[in-house]
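Position 64 of the sequence shown, counted from 1, bears residue number 1552 in my numbering, the numbering being contiguous throughout. Glycine is no exception: its CB is placed at the ideal position from the N, C-alpha and C atoms. Every value quoted in this text rests on a predicted model; they were computed, and no experiment measured them.
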Amino acid sequence: MVKVLHVKATAPWGWSIKAPGQSAAQTPIPVPPPSTLLGALAYPYFTSKGWPELIFEDGAYYSPAYKLLEQVSYAAFGISTSVATVHQDLTKNVIAPYLRQPHRKISSN
């Protein structure tokens, strides 16, 4: 059985999305990836079921959002009007050299 969920939302404050493992100097992505939509829907879904914000499995903590990946075969994100603009905050670029060593690790994903 095919199930479809169409979400219409407004984000008047905007957003800031960067690829994992990239510094603040990277150009931001103009629209959020589909995984952002999945995470946004997962939070109210799992809190309504009384699930915790984090799940401990196999010696690590995970967001319950990953459990939705087994049920969602396709997700898409679009903007109905061309309002997305790219903006960079240069003050964040100065912070990068002062991060603690564990936070400097580049993600392999």
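Less than 8 Å separating the beta-carbons of Leu1526 and Val1495?
-> no
Can you name the start and end residues of the beta strand (DSSP E) that Ala1548 belongs to?
-> From DSSP, the beta strand (DSSP E) with Ala1548 extends over 1548-1550.
Nearest to Pro1518 (by Cα), restricted to the options Ile1505, Gly1547, Thr1524 | Among Ile1505, Gly1547, Thr1524, the Cα nearest to that of Pro1518 belongs to Ile1505.
When we look at the beta-carbon of Ala1429 and count the other beta-carbons within 10 Å, is it buried (16 or more) or exposed?
-> Outside the modelled stretch of the chain, which goes from 1489 to 1597, sits residue 1429, for which no answer is possible.
Nearest residue (CA-CA) to Lys1491, options Ile1567, Tyr1562, Pro1590 | By alpha-carbon distance to Lys1491, the top candidate from Ile1567, Tyr1562, Pro1590 is Tyr1562.
Straight-line gap, Ile1543 to Ile1567 (C-alpha atoms, nearest Å) | 32 Å
How long is the line joining the alpha carbons of Ala1553 and Tyr1533, rounded to whole angstroms?
-> Their backbone Cα atoms lie some 9 Å apart in a straight line.
Rounded to the nearest angstrom, how far is the Cβ of Ala1564 from that of Pro1521, given a contact under 8 Å?
-> Not a contact, Cβ separation roughly 10 Å.
Backbone CA spacing between Asp1546 and Leu1493 [nearest angstrom] = 31 Å
Can you tell me whether DSSP reads Glu1545 as helix, strand or coil?
-> strand
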